[in-house]
Amino acid sequence: MVHTYLQVFTIAENKMLRTLTERNFMFQTVSQATFSVDTFFFISGLLVTYLYFKTMKKQVVEEASMTKPKQREPSGLQVGVFKFLKLLGYRFIRLTPAYLFVLLMAEINMRWLRNISVFEPLSQDQYNCDVYWWRNVLYINSLFPMKDMCMLWS
């Protein structure tokens with residue numbers, strides 16, 4: 436919602452209405468939306484961490500209660516690294532199909548909008564995504580210069 440208002444405000448002719456709207460207390464929820472996104476990411480990371488440690492604690496208790504024959508077991512670091520990689524793999528498999536769908540739709544829409552829109556798009560996704568789409572698939576797109584990014588907003 437914030438992107439809609441901010442885009443319209445840059446081209447709006449009625450500057451007085453803009454000034455009055457920005458002074459409205461309820462509009463602060465729109466103009467401060469970046470903080471809500473940051474809060475969402477913080478809470479999401481906090482919950483993932485909490486669930487990870489809760490699962491680890493549960494597994495330690497279960498392993499302690501079971502009697503196993505003596506054998507060489509992997510060290511705690513090896514087990515932790517394996518579980519972390521398993522968690523990353525699970526997240527990759529869970530998130531990537533939706534992300535690829537958004538990437539495809541953005542590519543189609545940017546090509547279409549480029550031809551029919553009266554406004555000049557700020558990003559050149561229709562050119563960059565042809566070359567640099569693979570960076571988004573590997574989730575390394577933010578490690579490269581902005582001029583070479585596909586789906587800059589991701």
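Taking this note's numbering, the leading residue of the sequence shown gets 436, the next gets one more, and so forth.
Every residue gets a Cβ at the ideal spot worked out from N, C-alpha and C, and that includes glycine.
### Query
For L557, which three-state DSSP category applies?
coil
#### Entry: Spatial distance of N571 from M501 (CA atoms)
44 angstroms
### Query
For the segment 496-534, which segments carrying the beta strand (DSSP E) assignment without a break, of at least 3 residues, lie completely within its bounds, in sequence order?
none
#### Entry: Inter-residue CB distance, E457 and S466 (contact presumed, cutoff 8 angstroms)
7 angstroms
### Length of the line joining the Cα atoms of N550 and L557
14 angstroms
### Task
Specify the secondary structure class of M581 as computed by DSSP and reduced to three states.
Helix at M581.
### Query
Start and end of the alpha helix (DSSP H) containing Q379?
Past the boundaries of the shown model lies residue 379; the chain is included only from 436 to 589, so the question cannot be answered.
### Task
On a CA-only basis, which of Y562, L573, S479, N544 is nearest K582? Give me that one, please.
Y562
#### Entry: Residue environment, M545, which counts as buried when at least 16 other CB atoms sit within 10 Å
buried
#### Entry: Where E448 sits in the DSSP three-state scheme
Three-state DSSP puts E448 in coil, outside helix and strand.
### Cα-Cα separation between Y567 and Y525, rounded to whole angstroms
24 angstroms
### Query
Roughly how many angstroms separate the alpha carbons of T490 and Q513, rounded to a whole number?
17 angstroms
### Query
Which of helix, strand or coil does DSSP assign to N459?
coil
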